[in-house]
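Trainee: Supplied in structure tokens, the structure appears directly below.
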Amino acid sequence: MRNIRLRLAYDGTRYVGWQVQPNGQSIQACLEQAIEQLTGSATRVTAAGRTDSGVHAVGQVANFATASNIPCSNIRSGLQHFLPDEIVVVEVDEVSEEFHATYSATGKWYRYVIHNARPRHPFLGNYAWQYEADLDIEAMQAAAER
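For what it's worth, this note's numbering labels the leading residue of the sequence shown as 1, then goes sequentially.
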């Protein structure tokens, strides 16, 4: 079996998060369906971390085991063919059997965006918290240092 690592970017706006859920479409379910369509075999995909409903990712790492001999470059393009536009396979490579996206992760990075302006921006609703009142920057900096 080969162990395939994926680096993904996705807009999580219309998804219930990473993990398969009974109440809606998840990123994991979309990937697992695409892998099955590409390889002909059902497989479980593991991620470095689970994102919540509506959360986006720019560098999510995931991996899956496969008996397929499809080259990594073709896995990327093949998966992309079966995935919705909001989910992009940025990179694919074959890694050792010991690699596990969750347990091999060395860190995580989060970015929270506040759009502080009047009026609200119509295109930022899914990508930033829009706050029209004045912010207390000093209080925010003090809280961040705690």
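Glycine included, C-beta positions come from ideal geometry on N, C-alpha and C.
Quantities reported herein were computed from a predicted structural model and do not represent experimental measurements.
Would you mind sorting Tyr15 into buried or exposed? The rule is 16 or more other CB atoms within 10 Å of its CB.
Mentor: Tyr15 should be labelled buried.
Trainee: Going by Cα to Cα distance, which pick from Trp109, Trp129, Ser77 is closest to Ala117?
Mentor: Taking only the C-alpha atoms, the option nearest Ala117 is Trp129.
Trainee: Would you kindly check if the distance between the Cβ of Ala57 and the Cβ of Gly12 is under 8 angstroms?
Mentor: In this structure, Ala57 lies closer than 8 angstroms to Gly12 by Cβ.
Trainee: Between the Cα of Gly40 and those of Ala65, Gly125, His121, spot the shortest distance and give me the residue it belongs to.
Mentor: Gly40 has its Cα closest to that of Ala65, out of Ala65, Gly125, His121.
Trainee: Using the Cβ count rule (16 or more neighbours within 10 Å means buried), how would you classify Thr106?
Mentor: By the neighbour-count rule (16 or more Cβ atoms within 10 Å), Thr106 is not buried but exposed.
Trainee: Going by the CB atoms, is the gap between Leu38 and Val92 shorter than 8 angstroms?
Mentor: No.
Trainee: Are there three or more Cβ pairs, one per stretch, closer than 8 angstroms when the region 74 to 85 is compared with the region 17 to 24?
Mentor: Counting Cβ pairs under 8 angstroms, fewer than three are found: no touch.
Trainee: Determine, using beta carbons only, whether Pro46 and Glu36 come nearer to each other than 8 angstroms.
Mentor: Note that residue 46 corresponds to Thr in the displayed sequence, not to Pro. Not in contact: Thr46 and Glu36 (Cβ atoms no closer than 8 angstroms).
Trainee: Who are His115's beta bridge partners in DSSP?
Mentor: Gln130, per the DSSP bridge assignment.
Trainee: Report the three-state DSSP secondary structure of Arg76 (helix, strand or coil).
Mentor: If DSSP states are grouped into helix, strand and coil, Arg76 belongs with the helices.
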